[in-house]
Structures are given as structure tokens and as C-alpha cells.
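Protein sequence lines, in the order shown, are assigned to chains A and B. Residue numbers are given in the working numbering: position 148 of the first sequence equals residue 148, and the series is strictly consecutive. Adding 456 to a residue's 1-based position in the second sequence gives its number in the working numbering. Positions of the beta carbon are idealized from the N, C-alpha and C atoms, including for glycine. Before any comments, here is the structure.
Protein chains: 2
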Amino acid sequence: MTKLFFYPKTIAVIGATEDPSKFGNAVTTNLLDNPNLEAELFPISRSNDKIYGLQAYKSLLDVPKDIDLAIVLVPAKVVPFIVDQCIQKPVKRIIVVTAGFGEINEEGKQIEQEMARKCRAAGIRMIGPNCVGIQNVDIGMNASFIQSPIKGNISMVSQSGSFGCAMIDGMRWNNLGLSKFANIGNGVDLTFDEILHYFKEDENSKVLSVYTEAVKNGKSFYQELKAITPVKPVVVLKGGRTQAGMAAAGSHTGSLASNYTVLKAAVDQSGAVMCEKMEDYVTALKTFSLLPLPKGNRIAVLTNSGGAGVLYSDNAEEQGLKLAPFSDSLIEKLKPYLIDLVQKVNPLDMIAGANEDTYYQVTKVMLEDPEIDIVIPCGVYPPFLGMKFENNFSGMIKAWNETGRKKPMLPLLVFGSGYEGVVDLAIKENVAFFSTPHEAAYATKILIDRMNFLLR
Amino acid sequence: MTKLFFYPKTIAVIGATEDPSKFGNAVTTNLLDNPNLEAELFPISRSNDKIYGLQAYKSLLDVPKDIDLAIVLVPAKVVPFIVDQCIQKPVKRIIVVTAGFGEINEEGKQIEQEMARKCRAAGIRMIGPNCVGIQNVDIGMNASFIQSPIKGNISMVSQSGSFGCAMIDGMRWNNLGLSKFANIGNGVDLTFDEILHYFKEDENSKVLSVYTEAVKNGKSFYQELKAITPVKPVVVLKGGRTQAGMAAAGSHTGSLASNYTVLKAAVDQSGAVMCEKMEDYVTALKTFSLLPLPKGNRIAVLTNSGGAGVLYSDNAEEQGLKLAPFSDSLIEKLKPYLIDLVQKVNPLDMIAGANEDTYYQVTKVMLEDPEIDIVIPCGVYPPFLGMKFENNFSGMIKAWNETGRKKPMLPLLVFGSGYEGVVDLAIKENVAFFSTPHEAAYATKILIDRMNFLLR
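As C-alpha cells, this is what we get:
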């Protein structure tokens, strides 16, 4: 069971140390730094009796309890010996963080295959080698040498450890939290597909995300995606879409130019979302993590900046979307909140004087309108008349809250001086916002695509 | 002369007030807030003798000095009367900020045309109506109701005031400064092209930028661009590229679908850069403002994250760029600074342990190599071993400084926890950095395109 990797009751850190220049220290402190960790820790150290106050053991075999998960951080040359000890103990699951195996030469490849073979023969599953580790935020377990994310409903499997690391940061800034994270490195035993399969079953994982550079078994990957997408949205980013990218990823096999085209077609067919750019990947996660699906494709836009409305319209059309014409009844309901200068058309340019109350009233009228499915309140920072960016945002959120957050609302807040306040408010209220016209239009498109996929 | 708008010796603010709920207040305080303003201010107020300690005059005609620039902020109905007074005085230049003319109805169109006609007959030039105003950061003049930018070498003309406002903020975050800014609103007298023409002559304007929604005279715009591009780079963003965007911009005339295609072809042909997205617009400004042009198209990439190198390679190929193979002599020079695990290929994945000194040494070797023209040091936040994001960035900058900043260096620093330190360092050292693989690859492409354009 893959689940045991994420829910161990006992963890041994082999190569635990207080020396801050070692990866063994990063994993040890990451595990210890979370006071809510629901697992018992056993540091294994050849040179210390205590590690950060915890009793340390010279050998895994000295630990007086059964070990669910062993994390291996010793130098590459010692790793096969330690894996043998893990089998002898026996532990149930192993993560080999140490690098210097199949990714550097043929001898490394043989050694890692031999370790995997022994583990399988003993009924033990292994992640790695050459990985940053895994995380389960739900039980406060950071069994990796990278930083802890905030808690949320996204689960991510990343072929690149450092990319996962960068994404955890980007997600934090976007107020996006993780449930589970895994980087499987060389992946000699446990596969990408097995982790996805587990995330499908895991009830805390509401949105799945995948960064891959080389799909080893296209057919099984496709089958897995196809099984998940009716239940949960899956967002995929492929590093190595081009010949140059594939070469950089060290994937020299197969038909380089066609691989991405084939993979993209398969991902599209499966109902998962294939992103072309890193920016879109974060946007897609934000969208599925924080917004409900629409019931239709009728979009309404309001703005305090004509330019923002124009640019959203451009990007929406490029994504194949159409703004809905306003009905006469909607126009009548809008009138009390708008000055005469304002043309009552979609996108609705409320001009620069629009304030918090204008945003609140107009957004609410649109969210309540039976002929509107999706509302895009746009704003630029209003550096005059004592107005604050976050106040206008606050008006939008109030309208969304009062209508039960039933329809997707995608605030497009073009980067501006009041952004700290905007970010704080987004976190406090747990709402999504978008910083560029492209981002908001892309988010709208994937919501509509997913609605249509589920209706099929 | 358009120059006098930007370098007035005397300015009258007609409709100056201490009431913070009025745009007249925003312009007054923006002008007063800059202690270095090299112009004398004359507030005109019907109700106050003093405005923020300055003597105020009941009428423009009472001012005992000649007025170079009058800024008009009175209600729309009074504007024609005030413009008549400006002609009577006479002032030399007029900016009408007040809205409510040609943009709302036919009557407004006639009134604004009549004002323009009178001004022209009197030899007076006018900007507006319905604009946010203009700025000349070089003399500390913010004659607008939007915020002041930082000082720099970019000059911008924007058809949308609020978009200009958002860009000033986005530029500040990217450490980009302005020399001059103009929003001409309904543009009944002074045109877009005239402002561009002036920016071409202005020696503090090194990079020109244009946001337009409807080009009134395509031929003259093209001729102006064509005259500027051999001297200065010009970056263009067009709001209303699609039918939906054009409709939103209120430009219902002409062949909607073809307009953008034609305009884009003309801009491309002129040697200016036409951006498809707002993100690209900021990236292009950053690139031309802060980086030298390359002498060739040979790109070298170094990274602490395989994923970042792969994604840069993908985006570079999509932009039509190629990474240069490393020469044997370059590989020899790199070896002392890299561990054996590292494959000496381009992109160079120095793996996660690469620190400040590694970045410094490797970046420097690449910048000094005669067969490399452009260096892309990539990094993700290294949340382990006590390393800091800005330290790695610092290593890159040291290498760039020691090689005289002769070749373009484009740091790709994927968004991460140490970003505050990165931003601070970028501002202190006045260097560009890029946050996504697309952004860095796009910047590389437009540098090479401009080099090729100037070589033609």
C-alpha cells in the first residue's frame, strides 16, 4: 500500500545529524519542526547518542520498535548496506534520498536496480534514490529536505525535486496549500502512476498535480489519468516539450519531436489539463483548489479600468470564450449603483471612481442574475481619492460570500501598490485572485472545460 | 513644441482644492509632494485664499506671471469657459483632466472639438480632455492624479490612464523607472504620434513604450515608429486585439478582425516590439531598460535545478532560440568549480548544492568565454544547508560586475521564499531578473531580435 509511506506511525532517519551543512540535518529538523507530527521519530547516528534531545541509535537494528518508514541519507557507497539492514530489520517502507546512482552512470543504474529487486523480494516498497523526499501536511510530516507548504487540498507528484520546491513557494504566495507531496527521483520501485493512484483514493487530495519530464509508461499513465478525472481535476506540466527541453532533461530516447504532441493528446483525451507554461500550472491549481465549477459559460465582467476590461476581453476571446450580453432586466438592476456616464454593456467599465460599495453592489447583482454563470470583477489600484485596493477587493468578496460562493468569481486585480493588503485579504478569506488578464481568462477557460467534461 | 508640456517653468492648477475627495486635490498634492519640483505652482480656487500654504488665486487672470502650463480640473460644464480664459491669459499649454466629453456622447464630441479648434487658432496646444495627466520624473513633476513612479529611462504613452497607472506600479516592483509619462485621453489636439516624436528627441528617454487601444492614423504611427527604432527600442501593447477586445474598447469602426493583424505587421516591420500579453510588455521594458544588447546569439545556461534548465530550454526553443554547445576549452575552465556528478553540458545543472561561490565562478567563466554571447543563470530557492536565495543571486551579480556588464546576463530566479532579499538586491545593484522560464526566454529573444534589427 502506497498509503503507508504517507501515514507511518514510526519513522527512522538513517543519517540524522545536528550538522547544518548536511541534508540529513535538513530532513531531521523538518520532521522535528512540526509539533503536530503524528509519528514517532528514531534518529540513527553513528556518532551521537542524542539528536536534538531525542535518543539516537547506532544502528537501525538497535531500534526497539517496528519501523514503518526508513529515510536513508547516508553517503551513496553505504546505501546498499543500509538497504540490506532495512530488509533485515525489516522496515515496511524505504525512502532513499541520497543521490549518485542511475542518474550518473551505468554502474549506479545496476546498483539501484539491485536494491529495488531485493526490496521487492522482501515485500518492501522503496521511493528514490536521488529524491528530496515526501510530505503529508495532514499529519504534519515533512519527510524531505525542502520547506513545508501550507495545508490545503492539492496533492503533487513532481519528477524534479527542485521544481517541486519552487512550486511549494509559488503556491504559498498564491495562498494554495498542499495535502501531500512526493518526489520519487530515479523511481526504481514505486512509480509515478502508483502515487497518482493513491492520491485518487485519498480523500484529502481534492486536486492532483503532476510535473513530469519523461513518462516511462505512456499507456498506464493515460489509464491512471482517465480513471481519476471523473472524480478529481488533474493538472499536468511537462518539462521537455521541445527537442532542447528533452535534451536538457536527459531523455534522449524515442522520437523527441513527437513525444510531447502524443503525450498532450493523451492528457487532453483523459480529461486532465495539460499546461504549456509554469505560470498556467499555478493558475490551474489555484482555480481548481479555490473555485466552484460554473453551471454554464455566460461570463460577466465589471471593472474600474477600461484597459483591464479590454485586455480581459482579448484574452477571453483567444481562449475561445465569449462575454454574455446583459439582459434588460440585469441592466435595470445595475442602474441604481452606476453613474450616468457608465455605458451598461459587458465588460462594464464603472470608471475610476468605483469604490468598495460599487464593487459590492454590482458584483452581487451579477452573481444573482440567472443569466450569468461566471463573474469577473476587474480592478487596478486606485491611487487617488483615498481609495484602497483591498477595499474594492473586499466589496467583491462580500458579494461572493452573501451569494453563498455558488458561482465562480474570478477577481482580476492588476498588480499594484496595495498588493500586500490584497494578498492578506485573499489568505484571510480563502479566495482566489488573478494578476493578469491572461491568468484570469485561462482560469475561466479551464473551469468551463471541466464543467463540459463532467457533463459529457 | 511638445517639450514645453514636460518642462514648464510655471504651472496653474485650475480647480485646486484641499478636499481629498476631489481629483483636483490629487493633482495638487502630487505636484506639491515632490520637493524637487523645478517649476512654480499657482493654485486657482474660487473658495480658498490659500491651498496647502500657497497663495491661491480666484481666477487664472489674476496670476501675476506668465503661465506655461494650465491643468484644468473643474466640472465638465465649466471647462469651455476656463479654456477661453486660458486663451485670454494666454497660457502656452493646457491639460484638461476633466471627463464627460467625446467619450460619452455626440454633444461632448462637438464641445471638445470646438475647444481644440479655438486653442489651435490661438497657437496653444492641448492634452485631453478625459485624461489622468502627464509626468516628467526628471524634474520631479507629477501633473496627474495617479501615483509617482521611480526615476528611470523609460518613457510611456498610454491610451488608458488606469492601465498606465497599473503599469507604473508593475514597473516599480520590477525596479523599472520612468522618465516621462503621458495619457492623452480623448486626444482632440496633441496626438500619440507627436508625443512619440518628442520622446524620440528627448535624451533621457532611452526606451519608449506605448499602450494603445485604437490607432487613429496607422500610416503616421508606422512612420513615427520607423524613425525611432534605429535610435531607441519601442515596445507596443495593443488593447483590443480581438473582436471582443475591440468592442470593449468602443472601437466599432473598421474591419474589426483584421485591424490587429495589419497593425501587428506594421509594428513588426517598423522594428518595434509588439507584445501579445501584458506580462510580456513589462518583461520587454525591463529587458531594454536594464540590459546591454548581445554581440551574437550563443546562449549558455547554468542552474541549481534541473527542472528550471529544462523549462528554460523548452521556452527558448519555442522562441526560436538555440543553446550553444560548450567548447572543450570552456568545459576545462568550468571543471574546477563543479563536482564530478555534474554533466558538463548546456544547460549546466550544477545540482542543488551549488552555492554563492559556485554561481559566481561559473557565471564569470561563461561571461568571459569568447564563444558565449548571453548567459542565463537559473536558480530556485534552496531551502536547505543554510543557503539563501539572494546569496546565489549575489554571486551572479558579482560575476557580471567584474566582467564590466558587457554581455547580457538574464538571471531566471523561480519565485521562492527568499524573494524579498532578491528584489532588494536587484534594486540596490540595478540589475534585471526574471521569474519564469517564459519571461527569461522572451527577454532573450527580443534582445537577439533587436541586435539583428540594428545589424540589418
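{"Check": "For Leu208 of chain A, the nearest candidate out of A:Ile184, A:Gln361, A:Asn153 and A:Trp173 (CA to CA)", "Outcome": "A:Asn153"}
{"Check": "Min CB distance Asp770 of chain B to chain A below 9 Å", "Outcome": "yes"}
{"Check": "Same chain, Cβ closer than 6 Å to Asn391 of chain A, five either side skipped, listed in chain order", "Outcome": "Glu356"}
{"Check": "CB contact below 9 Å: Ile82 of chain A versus chain B", "Outcome": "no"}
{"Check": "Test: Arg241 of chain A CB closer than 9 Å to a CB of chain B", "Outcome": "yes"}
{"Check": "Contact with chain B by Phe415 of chain A, beta-carbon distance below 9 Å", "Outcome": "yes"}
{"Check": "Spatial distance of Trp856 of chain B from Pro686 of chain B (CA atoms)", "Outcome": "27 Å"}
{"Check": "Any C-beta of chain A under 9 Å from that of Met734 of chain B", "Outcome": "yes"}
{"Check": "Helix, strand or coil at Phe889 of chain B [DSSP, three-state]", "Outcome": "coil"}
{"Check": "C-alpha gap between Pro80 of chain A and Met115 of chain A, whole angstroms", "Outcome": "7 Å"}
{"Check": "Span of the beta strand (DSSP E) around Ser459 of chain A", "Outcome": "Residue 459 of chain A falls outside the range modelled here, since chain A spans only 1 to 456, and no answer is possible."}
{"Check": "Bridge-paired residues (DSSP) for Asn183 of chain A", "Outcome": "A:Gly133"}
{"Check": "is_contact[Tyr381 of chain A, chain B] using C-beta, thresh 9 Å", "Outcome": "yes"}
{"Check": "Cα-Cα separation between Thr892 of chain B and Lys445 of chain A, rounded to whole angstroms", "Outcome": "22 Å"}
{"Check": "Cβ of Ser255 of chain A within 9 Å of any chain B Cβ", "Outcome": "Interpretation of Ser255 of chain A is limited by its pLDDT of 40, a score under 50 that renders its predicted location unreliable; no figure is taken from the coordinates."}
{"Check": "C-beta contact flag for Phe619 of chain B and Ala308 of chain A at 9 Å", "Outcome": "yes"}
{"Check": "Opening and closing residue of the beta strand (DSSP E) in which Arg93 of chain A lies", "Outcome": "Arg93 to Val96"}
{"Check": "Sequence-distant residues of the same chain with beta carbon closer than 7 Å to Glu824 of chain B, five excluded per side", "Outcome": "Thr859"}
{"Check": "Contact with chain B by Tyr359 of chain A, beta-carbon distance below 9 Å", "Outcome": "no"}
{"Check": "Assigned secondary structure, Ser783 of chain B (DSSP; H/G/I helix, E/B strand, else coil)", "Outcome": "coil"}
{"Check": "Asn105 of chain A classed as buried or exposed, judged by whether at least 16 other C-beta atoms fall within 10 angstroms", "Outcome": "exposed"}
{"Check": "Val74 of chain A vs Ile14 of chain A beta-carbon contact at 9 Å", "Outcome": "yes"}
{"Check": "Simplified DSSP assignment, three categories, for Lys428 of chain A", "Outcome": "helix"}
{"Check": "Assigned exposure category for Asn673 of chain B - 16 Cβ within 10 Å defines buried", "Outcome": "exposed"}
{"Check": "Identity of the residue in B:Ile550, B:Gly695, B:Ile755 and B:Gly872 nearest Met990 of chain B by Cα", "Outcome": "Residue 990 of chain B is absent from the structure shown; chain B starts at 457 and stops at 912."}
{"Check": "Segment contact flag, the region 132-141 of chain A with the region 89-108 of chain A, C-beta cutoff 8 Å, min 3 pairs", "Outcome": "yes"}
{"Check": "For Tyr667 of chain B, the first and last residue of its enclosing alpha helix (DSSP H)", "Outcome": "Careful: Tyr667 of chain B lies outside any alpha helix (DSSP H), inside the beta strand (DSSP E) at Val663 to Thr668."}
{"Check": "Below-9 Å beta-carbon distance, Ala780 of chain B vs any chain A residue", "Outcome": "no"}
{"Check": "Coarse secondary structure for Gly584 of chain B, derived from DSSP in three states", "Outcome": "coil"}
{"Check": "Ranges of the beta strand (DSSP E) found wholly within the region 690-757 of chain B, counting only runs of at least 3", "Outcome": "690-694 and 729-731"}
{"Check": "Nearest residue (CA-CA) to Phe42 of chain A, options A:Ile195, A:Ile111, A:Ala143 and A:Lys406", "Outcome": "A:Ala143"}
{"Check": "Entirely enclosed beta strand (DSSP E) segments - the region 821-846 of chain B, minimum 3 residues", "Outcome": "830-836"}
{"Check": "Beta-carbon gap between Asn760 of chain B and Gly835 of chain B smaller than 9 Å", "Outcome": "yes"}
{"Check": "N-terminal and C-terminal residue of the alpha helix (DSSP H) that Glu106 of chain A is part of", "Outcome": "Glu106 to Ala121"}
{"Check": "Below-9 Å beta-carbon distance, Thr2 of chain A vs any chain B residue", "Outcome": "no"}
{"Check": "Three CB pairs or more closer than 8 Å across the region 287-301 of chain A and the region 239-249 of chain A", "Outcome": "no"}
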